[in-house]
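Residue numbers (our numbering), protein chains in the order written: chain A, 1 to 114; chain B, 115 to 225. Where a beta carbon is used, it is the ideal one built from N, C-alpha and C, also for glycine.
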């Protein structure tokens, strides 16, 4: 079974631009979560989608948004990019909506904001 | 805010020795814990998980211990190999699919 895939793998943007990242979960998985990883803050939860609905949201500004499609694929968008948004953005998928289930991560999208 | 694990220390071990990686968590409501391994340039890879109604769980060459009294997790790796070199994260979950991660521990295996 194919793992979680994320596109693009690398992205360079300038301040003020916006960016859209894509995540395809493992086949059959309906939950998709997004995390931001930086050297300073570590891994931080952004938001989670299940059956096209955002169920949980982390402590990030409204510039960070996402959505999920009927095929469970998800996108996240960051508007008005800031230098501090440079990070590895990770997507994770899981099968159930229970919190007692394993999340499997993709390779991430490395975003650099200049 | 809530956190799981507070440090990014480095653990250096000799190939063939056992490794023990520790993690402290602060959210008493967390009832499901996972250990992930992250190699350079890759996403976190699932290693082993444990529910709060358990004290110990064993996998292939790995064992996770949970001490709820002191809110402490540990990951034991037997016969550590060079391929085990990576950053290891513990994570806790108490609601939804919202993992709270520790800061991570870098494991370096000396040949």
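Taking its Cβ as the centre, do 16 or more other Cβ atoms sit within 10 Å of residue 209/B, making it buried, or is it exposed? Within the second chain, the letter at position 95 stands for residue 209/B. The residue is exposed, with fewer than 16 neighbouring Cβ atoms inside 10 Å.
Option in 45/A, 40/A, 67/A with minimal Cα separation from residue 53/A: The count along the first chain starts at 1 and reaches residue 53/A at position 53. The residue among 45/A, 40/A, 67/A with its C-alpha nearest the C-alpha of residue 53/A is 67/A.
Closest by CA to residue 109/A, which one among 69/A, 58/A, 10/A, 56/A? Numbered from 1 along the first chain, position 109 holds the residue referred to as residue 109/A. The residue with the shortest Cα to Cα distance from residue 109/A is 10/A.
Can you tell me the Cα-Cα spacing of residue 123/B and residue 26/A, whole angstroms? Residue 123/B sits at position 9 when you count from the first residue of the second chain. Residue 26/A sits at position 26 when you count from the first residue of the first chain. Going by the C-alpha atoms only, they are around 32 Å apart.
May I have the straight-line CA-CA distance separating residue 79/A from residue 58/A, to the nearest angstrom? Your numbering for residue 79/A matches position 79 in the first chain. Your numbering for residue 58/A matches position 58 in the first chain. Between residue 79/A and residue 58/A, the alpha-carbon positions lie close to 17 Å from each other.
Residue span of the beta strand (DSSP E) that contains residue 131/B, given as start and end: By one-based count along the second chain, residue 131/B stands at place 17. Secondary structure note for residue 131/B: it is in no beta strand (DSSP E), with a DSSP letter that is neither H nor E.
Considering only the beta carbon of each residue, do residue 217/B and residue 84/A sit closer than 8 Å? Counted from its first residue, the second chain places residue 217/B at position 103. Counted from its first residue, the first chain places residue 84/A at position 84. The answer is no: Cβ separation not under 8 Å.
With 16 other CB atoms within 10 Å as the buried threshold, where does residue 134/B fall? For the purposes of this step, residue 134/B is taken as the residue at position 20 of the second chain. Here residue 134/B is exposed. Its C-beta has fewer than 16 other C-beta atoms within 10 Å.
Mind pulling the beta strand (DSSP E) runs of 3 or more residues that sit fully within the stretch 167 to 195 of chain B? Within the stretch 167 to 195 of chain B, complete beta strand (DSSP E) segments of at least 3 residues are found at 170 to 172, 176 to 181, 186 to 191, given in chain order.
Using CA atoms only, rank isn't needed, just tell me which of 224/B, 219/B, 223/B is closest to residue 152/B. Taking the first residue of the second chain as position 1, residue 152/B is located at position 38. When only C-alpha atoms are compared, the closest one is 219/B.
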